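Numbering (our numbering), first residue to last: 25 to 382. In what follows, a single structure is set out as C-alpha coordinates and then discussed.
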(Lines of atoms letter the chains of each structure in order from A; the text may use other names.)
(Lines give C-alpha, C1' and ligand atoms only; values in the text may rest on other atoms or scores of the structure.)
Protein backbone atom coordinates (compact mmCIF):
# COMPACT_ATOMS: atom_id res chain seq x y z
CA UNK A 25 0.00 0.00 0.00
CA UNK A 26 1.28 3.48 -0.89
CA UNK A 27 0.25 5.73 1.98
CA UNK A 28 1.49 8.77 0.06
CA UNK A 29 -0.74 8.01 -2.94
CA UNK A 30 -3.79 7.34 -0.76
CA UNK A 31 -3.19 10.67 0.95
CA UNK A 32 -3.00 12.39 -2.43
CA UNK A 33 -6.43 11.00 -3.21
CA UNK A 34 -8.02 11.79 0.16
CA UNK A 35 -6.54 15.28 0.15
CA UNK A 36 -8.00 15.73 -3.35
CA UNK A 37 -4.64 16.44 -4.97
CA UNK A 38 -5.57 13.72 -7.48
CA UNK A 39 -8.92 12.37 -8.59
CA UNK A 40 -12.12 14.25 -7.80
CA UNK A 41 -11.51 17.96 -7.21
CA UNK A 42 -13.77 20.57 -5.64
CA UNK A 43 -15.49 23.39 -7.47
CA UNK A 44 -14.81 26.12 -4.89
CA UNK A 45 -11.98 26.96 -2.48
CA UNK A 46 -14.37 27.07 0.46
CA UNK A 47 -15.36 23.45 -0.25
CA UNK A 48 -11.69 22.50 0.10
CA UNK A 49 -11.49 24.17 3.51
CA UNK A 50 -14.64 22.37 4.69
CA UNK A 51 -13.26 19.03 3.49
CA UNK A 52 -9.84 19.42 5.13
CA UNK A 53 -11.24 20.96 8.32
CA UNK A 54 -8.46 23.54 8.63
CA UNK A 55 -5.71 24.57 6.22
CA UNK A 56 -2.43 25.95 7.56
CA UNK A 57 -2.15 29.51 6.27
CA UNK A 58 0.63 31.59 7.78
CA UNK A 59 1.88 32.01 4.22
CA UNK A 60 -1.29 33.55 2.81
CA UNK A 61 -0.27 33.36 -0.86
CA UNK A 62 0.96 29.79 -0.53
CA UNK A 63 -2.23 28.76 1.25
CA UNK A 64 -4.34 30.18 -1.57
CA UNK A 65 -2.41 27.98 -4.01
CA UNK A 66 -2.96 24.98 -1.72
CA UNK A 67 -6.71 25.50 -2.06
CA UNK A 68 -6.52 25.98 -5.82
CA UNK A 69 -4.55 22.74 -6.23
CA UNK A 70 -7.58 20.88 -4.92
CA UNK A 71 -10.13 22.59 -7.15
CA UNK A 72 -10.94 22.51 -10.84
CA UNK A 73 -9.08 25.44 -12.35
CA UNK A 74 -9.65 28.01 -9.63
CA UNK A 75 -7.68 31.24 -10.13
CA UNK A 76 -5.97 33.31 -7.47
CA UNK A 77 -8.59 36.04 -7.81
CA UNK A 78 -11.39 33.55 -7.08
CA UNK A 79 -9.71 32.36 -3.88
CA UNK A 80 -9.15 35.94 -2.79
CA UNK A 81 -12.76 36.80 -3.55
CA UNK A 82 -13.96 33.93 -1.33
CA UNK A 83 -11.65 35.20 1.41
CA UNK A 84 -12.82 38.80 1.12
CA UNK A 85 -16.46 37.73 1.17
CA UNK A 86 -15.94 35.71 4.34
CA UNK A 87 -16.57 32.29 2.77
CA UNK A 88 -13.09 31.45 4.10
CA UNK A 89 -11.71 32.88 7.34
CA UNK A 90 -8.10 33.10 8.48
CA UNK A 91 -7.08 33.14 12.14
CA UNK A 92 -5.11 31.30 14.78
CA UNK A 93 -6.92 28.07 15.48
CA UNK A 94 -4.48 25.27 16.33
CA UNK A 95 -0.92 24.56 17.57
CA UNK A 96 -0.73 27.79 17.37
CA UNK A 97 -0.48 29.04 13.83
CA UNK A 98 -2.66 30.62 11.16
CA UNK A 99 -5.32 28.47 9.51
CA UNK A 100 -8.08 28.88 6.97
CA UNK A 101 -11.36 27.62 8.45
CA UNK A 102 -14.96 27.58 7.30
CA UNK A 103 -17.21 30.13 9.07
CA UNK A 104 -19.61 27.49 10.37
CA UNK A 105 -16.72 25.56 11.95
CA UNK A 106 -14.96 28.45 13.67
CA UNK A 107 -16.74 28.56 17.04
CA UNK A 108 -16.89 24.85 17.85
CA UNK A 109 -13.37 24.28 16.59
CA UNK A 110 -11.94 27.07 18.72
CA UNK A 111 -13.87 25.86 21.77
CA UNK A 112 -12.15 22.49 21.33
CA UNK A 113 -8.62 23.53 20.35
CA UNK A 114 -8.00 26.94 21.95
CA UNK A 115 -7.48 25.67 25.54
CA UNK A 116 -4.45 23.73 24.32
CA UNK A 117 -3.11 26.76 22.44
CA UNK A 118 -3.44 28.87 25.57
CA UNK A 119 -1.34 26.30 27.43
CA UNK A 120 1.33 26.55 24.73
CA UNK A 121 1.17 30.36 24.93
CA UNK A 122 1.14 30.57 28.73
CA UNK A 123 4.88 31.25 29.05
CA UNK A 124 4.69 34.15 26.62
CA UNK A 125 1.58 35.52 28.32
CA UNK A 126 3.54 35.69 31.57
CA UNK A 127 6.68 37.07 29.91
CA UNK A 128 4.68 39.84 28.19
CA UNK A 129 2.60 40.57 31.33
CA UNK A 130 -0.67 39.59 29.72
CA UNK A 131 -3.33 38.40 32.15
CA UNK A 132 -7.09 37.82 32.14
CA UNK A 133 -7.86 41.34 33.36
CA UNK A 134 -5.90 42.84 30.49
CA UNK A 135 -7.47 40.46 27.95
CA UNK A 136 -10.94 41.54 29.14
CA UNK A 137 -9.96 45.17 28.77
CA UNK A 138 -8.58 44.56 25.28
CA UNK A 139 -11.77 42.71 24.30
CA UNK A 140 -13.81 45.76 25.26
CA UNK A 141 -11.57 48.07 23.24
CA UNK A 142 -11.68 45.82 20.17
CA UNK A 143 -15.45 45.42 20.37
CA UNK A 144 -16.03 49.16 20.58
CA UNK A 145 -13.61 49.84 17.72
CA UNK A 146 -14.99 47.22 15.32
CA UNK A 147 -18.72 47.11 16.01
CA UNK A 148 -21.01 48.17 13.22
CA UNK A 149 -19.19 46.16 10.59
CA UNK A 150 -15.91 48.06 10.74
CA UNK A 151 -12.64 46.35 9.86
CA UNK A 152 -9.20 47.49 10.98
CA UNK A 153 -5.61 46.53 10.25
CA UNK A 154 -3.30 45.23 12.95
CA UNK A 155 -1.51 48.58 13.11
CA UNK A 156 -4.81 50.40 13.52
CA UNK A 157 -5.76 48.06 16.38
CA UNK A 158 -2.39 48.75 18.02
CA UNK A 159 -2.90 52.52 17.70
CA UNK A 160 -6.34 52.28 19.33
CA UNK A 161 -5.00 50.15 22.18
CA UNK A 162 -2.23 52.64 22.87
CA UNK A 163 -4.71 55.52 22.93
CA UNK A 164 -6.59 53.53 25.56
CA UNK A 165 -3.42 53.10 27.61
CA UNK A 166 -2.60 49.54 26.57
CA UNK A 167 0.92 49.35 25.09
CA UNK A 168 0.81 46.78 22.30
CA UNK A 169 3.60 46.52 19.74
CA UNK A 170 5.70 43.66 18.46
CA UNK A 171 5.22 40.37 20.28
CA UNK A 172 2.81 41.88 22.78
CA UNK A 173 0.46 42.93 20.00
CA UNK A 174 0.79 39.54 18.29
CA UNK A 175 -0.24 37.67 21.43
CA UNK A 176 -3.02 40.11 22.32
CA UNK A 177 -4.57 39.72 18.88
CA UNK A 178 -4.05 35.95 18.88
CA UNK A 179 -5.82 35.66 22.22
CA UNK A 180 -8.76 37.62 20.80
CA UNK A 181 -8.90 35.22 17.85
CA UNK A 182 -8.70 32.15 20.09
CA UNK A 183 -11.54 33.58 22.17
CA UNK A 184 -13.71 33.83 19.03
CA UNK A 185 -13.80 37.61 19.29
CA UNK A 186 -11.78 38.49 16.17
CA UNK A 187 -11.41 36.88 12.76
CA UNK A 188 -10.15 37.99 9.38
CA UNK A 189 -11.91 40.76 7.52
CA UNK A 190 -11.53 41.55 3.81
CA UNK A 191 -8.20 42.70 2.46
CA UNK A 192 -7.67 46.43 2.22
CA UNK A 193 -5.34 46.59 -0.73
CA UNK A 194 -2.59 44.19 0.35
CA UNK A 195 -3.23 44.69 4.07
CA UNK A 196 -5.10 42.15 6.17
CA UNK A 197 -7.87 43.40 8.42
CA UNK A 198 -9.78 42.12 11.44
CA UNK A 199 -13.51 41.96 12.08
CA UNK A 200 -15.77 40.87 14.92
CA UNK A 201 -16.71 37.19 14.75
CA UNK A 202 -20.26 37.87 15.94
CA UNK A 203 -20.82 40.33 13.08
CA UNK A 204 -19.12 38.30 10.34
CA UNK A 205 -20.47 34.84 11.16
CA UNK A 206 -24.08 33.83 11.90
CA UNK A 207 -24.63 32.28 15.31
CA UNK A 208 -24.59 28.47 15.16
CA UNK A 209 -25.52 25.79 17.71
CA UNK A 210 -22.65 24.87 20.02
CA UNK A 211 -21.23 21.37 20.27
CA UNK A 212 -20.24 19.42 23.35
CA UNK A 213 -16.58 18.53 23.77
CA UNK A 214 -17.13 14.99 22.49
CA UNK A 215 -19.30 16.15 19.59
CA UNK A 216 -16.61 18.63 18.51
CA UNK A 217 -13.86 16.05 19.00
CA UNK A 218 -15.74 13.52 16.87
CA UNK A 219 -16.37 16.12 14.16
CA UNK A 220 -12.70 17.10 14.00
CA UNK A 221 -11.43 13.50 14.07
CA UNK A 222 -13.84 12.43 11.33
CA UNK A 223 -12.82 15.40 9.19
CA UNK A 224 -9.11 14.80 9.70
CA UNK A 225 -8.94 11.07 9.03
CA UNK A 226 -11.35 11.26 6.09
CA UNK A 227 -9.44 14.05 4.37
CA UNK A 228 -5.87 13.37 5.56
CA UNK A 229 -5.79 9.62 6.08
CA UNK A 230 -4.15 7.20 6.28
CA UNK A 231 -2.80 8.84 9.43
CA UNK A 232 -1.95 7.80 12.97
CA UNK A 233 -3.33 8.96 16.30
CA UNK A 234 -0.07 10.85 16.84
CA UNK A 235 -0.48 12.55 13.48
CA UNK A 236 -3.96 13.71 14.51
CA UNK A 237 -2.68 14.96 17.87
CA UNK A 238 0.10 16.91 16.13
CA UNK A 239 -2.24 18.46 13.54
CA UNK A 240 -4.95 19.44 16.02
CA UNK A 241 -2.71 20.34 18.95
CA UNK A 242 -4.84 18.11 21.19
CA UNK A 243 -3.50 15.62 23.72
CA UNK A 244 -2.80 12.03 22.75
CA UNK A 245 -5.64 11.00 25.06
CA UNK A 246 -8.12 13.23 23.26
CA UNK A 247 -6.78 12.08 19.89
CA UNK A 248 -7.36 8.43 20.87
CA UNK A 249 -10.85 9.28 22.13
CA UNK A 250 -11.59 11.04 18.85
CA UNK A 251 -10.73 7.88 16.92
CA UNK A 252 -12.93 5.77 19.20
CA UNK A 253 -15.86 8.17 18.79
CA UNK A 254 -15.82 7.84 14.99
CA UNK A 255 -14.34 4.35 14.65
CA UNK A 256 -17.38 2.98 12.74
CA UNK A 257 -16.71 5.59 10.04
CA UNK A 258 -13.00 4.74 9.67
CA UNK A 259 -10.91 1.95 8.22
CA UNK A 260 -7.91 0.59 10.10
CA UNK A 261 -4.65 0.10 8.18
CA UNK A 262 -1.71 -1.84 9.66
CA UNK A 263 1.65 -1.24 8.01
CA UNK A 264 5.15 -2.09 9.27
CA UNK A 265 3.86 -2.55 12.80
CA UNK A 266 2.06 0.80 12.86
CA UNK A 267 -1.67 1.55 12.89
CA UNK A 268 -3.21 4.15 10.60
CA UNK A 269 -6.79 5.30 10.18
CA UNK A 270 -8.58 6.59 7.13
CA UNK A 271 -12.03 7.23 5.77
CA UNK A 272 -13.46 4.97 3.11
CA UNK A 273 -11.43 5.41 -0.07
CA UNK A 274 -13.32 5.75 -3.34
CA UNK A 275 -11.58 4.34 -6.39
CA UNK A 276 -7.94 3.36 -6.65
CA UNK A 277 -4.97 5.38 -5.51
CA UNK A 278 -2.74 3.59 -8.01
CA UNK A 279 -1.70 5.21 -11.28
CA UNK A 280 0.82 4.43 -13.99
CA UNK A 281 1.35 8.08 -14.88
CA UNK A 282 3.89 10.23 -13.05
CA UNK A 283 2.17 12.62 -10.65
CA UNK A 284 4.13 15.81 -10.06
CA UNK A 285 2.93 18.68 -7.87
CA UNK A 286 4.41 22.05 -6.98
CA UNK A 287 3.00 22.41 -3.47
CA UNK A 288 3.39 25.40 -1.16
CA UNK A 289 5.69 25.25 1.86
CA UNK A 290 2.96 24.55 4.44
CA UNK A 291 0.71 22.33 2.35
CA UNK A 292 -1.51 20.00 4.36
CA UNK A 293 -0.02 17.01 2.51
CA UNK A 294 3.28 17.80 4.24
CA UNK A 295 2.67 19.61 7.53
CA UNK A 296 -0.39 17.73 8.78
CA UNK A 297 1.58 14.72 10.06
CA UNK A 298 3.90 14.14 12.99
CA UNK A 299 5.66 11.34 11.11
CA UNK A 300 7.17 12.47 7.79
CA UNK A 301 8.52 9.07 6.77
CA UNK A 302 5.69 8.79 4.23
CA UNK A 303 6.27 12.30 2.87
CA UNK A 304 9.81 12.37 1.47
CA UNK A 305 11.33 10.05 -1.12
CA UNK A 306 14.12 7.98 0.55
CA UNK A 307 16.59 8.86 -2.21
CA UNK A 308 15.74 12.54 -1.81
CA UNK A 309 16.23 12.28 1.95
CA UNK A 310 19.71 10.85 1.43
CA UNK A 311 20.55 13.53 -1.16
CA UNK A 312 19.37 16.23 1.21
CA UNK A 313 21.48 14.76 4.01
CA UNK A 314 24.74 14.83 2.07
CA UNK A 315 24.32 18.00 0.01
CA UNK A 316 26.52 20.96 0.88
CA UNK A 317 25.04 23.71 -1.29
CA UNK A 318 22.45 25.01 1.13
CA UNK A 319 18.78 24.24 1.86
CA UNK A 320 16.01 23.59 -0.63
CA UNK A 321 13.97 26.43 -2.05
CA UNK A 322 11.00 27.47 0.05
CA UNK A 323 8.24 25.38 -1.59
CA UNK A 324 8.21 21.66 -2.40
CA UNK A 325 8.23 19.47 -5.51
CA UNK A 326 6.39 16.18 -5.05
CA UNK A 327 6.54 13.11 -7.27
CA UNK A 328 3.81 10.55 -6.59
CA UNK A 329 3.15 12.21 -3.24
CA UNK A 330 6.79 12.24 -2.08
CA UNK A 331 9.10 15.25 -1.78
CA UNK A 332 11.86 15.16 -4.39
CA UNK A 333 12.89 18.83 -4.59
CA UNK A 334 12.02 22.43 -3.87
CA UNK A 335 10.88 25.49 -5.79
CA UNK A 336 10.64 29.23 -5.44
CA UNK A 337 8.74 31.80 -7.43
CA UNK A 338 9.88 35.25 -8.53
CA UNK A 339 7.27 37.64 -9.88
CA UNK A 340 8.60 39.86 -12.63
CA UNK A 341 6.83 42.31 -14.90
CA UNK A 342 4.28 40.30 -16.83
CA UNK A 343 5.58 36.86 -15.87
CA UNK A 344 6.51 34.44 -13.09
CA UNK A 345 9.84 32.62 -12.90
CA UNK A 346 9.66 29.27 -11.11
CA UNK A 347 13.11 28.04 -10.05
CA UNK A 348 13.21 24.33 -9.25
CA UNK A 349 15.93 22.64 -7.18
CA UNK A 350 15.70 18.86 -7.67
CA UNK A 351 17.21 16.28 -5.34
CA UNK A 352 17.13 13.62 -8.03
CA UNK A 353 16.95 13.39 -11.79
CA UNK A 354 13.53 13.19 -13.40
CA UNK A 355 12.68 10.87 -16.26
CA UNK A 356 11.30 12.50 -19.43
CA UNK A 357 7.66 11.79 -18.53
CA UNK A 358 8.23 13.24 -15.04
CA UNK A 359 9.90 16.31 -16.53
CA UNK A 360 6.85 16.81 -18.74
CA UNK A 361 4.61 16.50 -15.68
CA UNK A 362 6.74 19.10 -13.87
CA UNK A 363 6.38 21.48 -16.79
CA UNK A 364 2.61 20.99 -16.71
CA UNK A 365 2.55 21.67 -12.96
CA UNK A 366 4.41 24.92 -13.53
CA UNK A 367 2.00 25.86 -16.32
CA UNK A 368 -0.94 25.17 -13.97
CA UNK A 369 0.59 27.52 -11.43
CA UNK A 370 0.86 30.17 -14.12
CA UNK A 371 -2.81 29.69 -14.97
CA UNK A 372 -3.65 30.18 -11.29
CA UNK A 373 -1.67 33.43 -11.20
CA UNK A 374 -2.85 34.57 -14.62
CA UNK A 375 0.77 34.91 -15.76
CA UNK A 376 3.07 33.07 -18.14
CA UNK A 377 5.62 30.94 -16.27
CA UNK A 378 9.27 30.33 -17.06
CA UNK A 379 10.52 27.10 -15.48
CA UNK A 380 14.20 27.15 -14.52
CA UNK A 381 16.13 24.16 -13.14
CA UNK A 382 18.88 25.25 -10.74
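We treat Cβ as the ideally placed atom computed from N, Cα and C, and that holds for glycine. In this text, all values refer to a predicted model and were calculated from it rather than measured experimentally.
Option nearest residue 201 by Cα separation, candidates 184, 158, 113 and 272: 184
query: So, residue 173 versus residue 150, is the Cβ gap smaller than 8 Å?
result: no
query: Do you know whose CA, among 92, 129, 94 and 87, lies nearest residue 103's CA?
result: The candidate whose alpha carbon is nearest that of residue 103 is 87.
- prompt: CA-CA distance, residue 101 and residue 110?
  reply: Distance between the alpha carbons of residue 101 and residue 110 is about 10 Å.
message: Is the beta carbon of residue 68 closer than 8 Å to that of residue 287?
response: no
query: Is residue 232 closer than 8 Å to residue 266 when the C-beta atoms are compared?
result: yes
- prompt: Using the rule of at least 16 other Cβ atoms within 10 Å of the residue's Cβ for burial, across every protein chain shown, is residue 243 buried or exposed?
  reply: exposed
field: Inter-residue spacing [alpha-carbon to alpha-carbon] between residue 350 and residue 382
entry: 8 Å
message: Check this for me: beta carbons of residue 361 and residue 346, under 8 Å apart or not?
response: no
field: Whole-angstrom distance between residue 259 and residue 268, CA atom to CA atom
entry: 8 Å
message: Per the DSSP calculation, residue 334 is bridged to which residue(s)?
response: Its beta-bridge partners are 324 and 349.
query: Considering only residues of the same chain and omitting the five flanking positions on each side of residue 322, which have a CB-CB separation below 6 Å?
result: 289 and 336
field: Cβ shell of residue 15 (< 6 Å), same chain only, five flanking positions each side left out
entry: The chain is shown only over 25 to 382; residue 15 falls outside these bounds and no answer can be derived.
Other residues of its chain near residue 192: CB distance less than 8 Å, five sequence neighbours each side excluded: Excluding residues within five positions, the ones whose Cβ falls inside 8 Å are 151 and 153.
- prompt: Hey, out of 144, 210 and 118, whose CA is closest to residue 132's CA?
  reply: 118
- prompt: Considering only residues of the same chain and omitting the five flanking positions on each side of residue 216, which have a CB-CB separation below 6 Å?
  reply: Only 108 and 112 meet the Cβ criterion.
message: Let me check understanding here. Comparing Cα to Cα, which of 327, 85, 160 and 354 lies closest to residue 190?
response: Considering only alpha carbons, the answer is 85.
- prompt: With distances taken from CA atoms, which of 50, 45, 98 and 62 is nearest residue 369?
  reply: 62
- prompt: Where does the unbroken alpha helix (DSSP H) through residue 242 begin, and where does it stop?
  reply: From DSSP, residue 242 is part of no alpha helix (DSSP H); its letter is neither H nor E.
query: So residue 176 and residue 138 are in contact, right, with Cβ under 8 Å, and what is the actual spacing, rounded?
result: 5 Å
- prompt: How many angstroms separate the CA atom of residue 262 from the CA atom of residue 379?
  reply: 40 Å
message: Can you tell me whether residue 290 is helix, strand or coil according to DSSP?
response: Correct three-state label for residue 290: coil.
message: Just to confirm before moving on: does the CB-CB distance between residue 159 and residue 374 stay below 8 Å?
response: no
Nearest residue (CA-CA) to residue 309, options 163, 333, 64 and 203: 333
task: List the DSSP bridge partners of residue 188.
output: 198
- prompt: Rounded to whole angstroms, how far is the Cβ of residue 42 from the Cβ of residue 70, which I believe are closer than 8 Å?
  reply: At roughly 6 Å, the Cβ-Cβ gap stays under 8 Å, so residue 42 and residue 70 are in contact.
- prompt: Would you say residue 221 and residue 237 are within 8 Å of each other, going by their C-beta atoms?
  reply: no
- prompt: Going by other Cβ atoms of all chains shown within 10 Å of its Cβ, with 16 needed for buried, is residue 226 buried or exposed?
  reply: Flag for residue 226 reads buried.
task: Counting only the same chain and skipping the five closest in sequence on each side, list residues whose C-beta sits under 7 Å from that of residue 180.
output: So the qualifying residues of the chain are 138, 139, 142 and 186.
query: Measuring CA to CA, which of 300, 96 and 270 is closest to residue 58?
result: In terms of CA proximity to residue 58, 96 leads the group 300, 96 and 270.
task: With a 10 Å radius around its C-beta and 16 neighbouring C-beta atoms as the bar for buried, classify residue 136 as buried or exposed.
output: exposed
query: Out of curiosity, what's the CA-to-CA distance linking residue 30 and residue 203?
result: 40 Å
query: Quick one: what's got a C-beta closer than 8 Å to residue 377's C-beta in the same chain, skipping five residues either side?
result: If you ignore the 5 residues before and after residue 377, its C-beta comes within less than 8 Å of the C-beta of 343, 344, 345, 346, 366, 367, 369 and 370, all in its own chain and listed in chain order.
- prompt: Considering residue 90, what are the terminal residues of the beta strand (DSSP E) in which it resides?
  reply: Annotation: the continuous beta strand (DSSP E) that includes residue 90 extends over 89–94.
field: Nearest neighbour of residue 330, chosen from 339, 353 and 303 [CA to CA]
entry: 303
- request: Could you check the C-alpha separation between residue 52 and residue 164 for me, to the nearest Å?
  value: 40 Å
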